[in-house]
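The structure under discussion appears below in the form of structure tokens.
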Amino acid sequence: MANTPVSIPRPLVRTNQWSIVLSVLASWLTGEAWILAIPLLAGIMGLLFGYNPIMRAAKLFLRKNPADYIPEDWEQQQFNQVIAVACLALGLISFLLGWTAAGYVFTAMVALSAFVAILGFCIGCFIRFQLNQYKYRKSLDKA
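What follows is the structure, encoded as structure tokens:
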């Protein structure tokens, strides 16, 4: 029996990306670093438990069957989420410690990468592709 790849409907991925962008902007505009905890906790829950409350809530608004939307690879999204969670966590911790410049750098990186992904270029996908290419080339050297 063939294994079917696990996927996530694109509108759910886009909602998660928008939640990151908007949370970062809101935290910058208000000066309230705790706003970053919203996408951070959702991302952590998604990674640890496979349950992202932002995506789960967005799923209620899908008009079609989830399988009818353009699929996004689940494994790739997990990889991207690890990067997003790391940047959000480092940004939040930096702001809480008073390291404002570092906080802005980390949150700018995650917001910019999420926004660029919304526009159509996935930086996390590019990083993962390059990492896989590197691993493949290293395996050829050992053979």
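With our numbering applied, the sequence shown corresponds to residues -8 to 134, in that order. For glycine and all other residues, C-beta sits at the position ideal for the given N, C-alpha and C.
Please report the distance separating the alpha-carbon of residue i from that of residue j.
i	j	result
Leu103	Asn56	30 Å
Lys126	Ile35	27 Å
Leu136	Ser130	Residue 136 lies beyond the residue range present for the chain, which begins at -8 and ends at 134; the question has no answer from this structure.
Val4	Gly37	12 Å
Ile114	Phe70	11 Å
Phe52	Asp59	14 Å
Phe97	Arg54	35 Å
Arg1	Ala92	33 Å
Val76	Gln124	24 Å
Gln121	Gly111	18 Å
Met(-8)	Trp19	In this prediction, Met(-8) has a pLDDT of 48, which is less than 50 and means its spatial position is unreliable; nothing more can be read from the coordinates.
Asp64	Leu39	17 Å
On the three-state DSSP scale, how would you describe residue i?
i	result
Met(-8)	For Met(-8), the pLDDT reaches just 48, beneath the cut-off of 50, and the residue's location in the model is therefore unreliable, although a value from the coordinates is still provided. The answer is coil: DSSP assigns Met(-8) none of H, G, I, E or B.
Pro2	helix
Give me the Cβ distance between residue i and residue j, rounded to the nearest whole Å; I'm assuming they're in contact under 8 Å.
i	j	result
Gln67	Arg119	6 Å
Ser14	Pro62	Rounded, the Cβ-Cβ distance is 25 Å, inconsistent with contact.
Ala105	Ile11	4 Å
Ala28	Leu83	6 Å
Cys78	Val101	4 Å
Phe86	Ala24	4 Å
Ile74	Gln8	With a Cβ gap of about 12 Å, Ile74 and Gln8 do not count as contacting.
Thr21	Ala49	About 24 Å; that fails the 8 Å criterion.
Compute the minimum distance between the beta carbon of residue i and the heavy atoms of the ligand GDP, and state whether it is under 7 Å.
i	result
Leu16	For the ligand GDP, the structure offers nothing, since it holds no ligand at all.
Next item on the list: For the segment 5 to 65, list the alpha helix (DSSP H) runs that are entirely contained and at least 4 residues long, ordered along the chain.
Entry: 28 to 40, 44 to 50
Check: Which runs of the alpha helix (DSSP H) spanning at least 4 residues fall entirely within the segment 59 to 126, listed in chain order?
Finding: Runs of the alpha helix (DSSP H) lying entirely within the segment 59 to 126, each at least 4 residues long, are 65 to 87, 91 to 110 in chain order.
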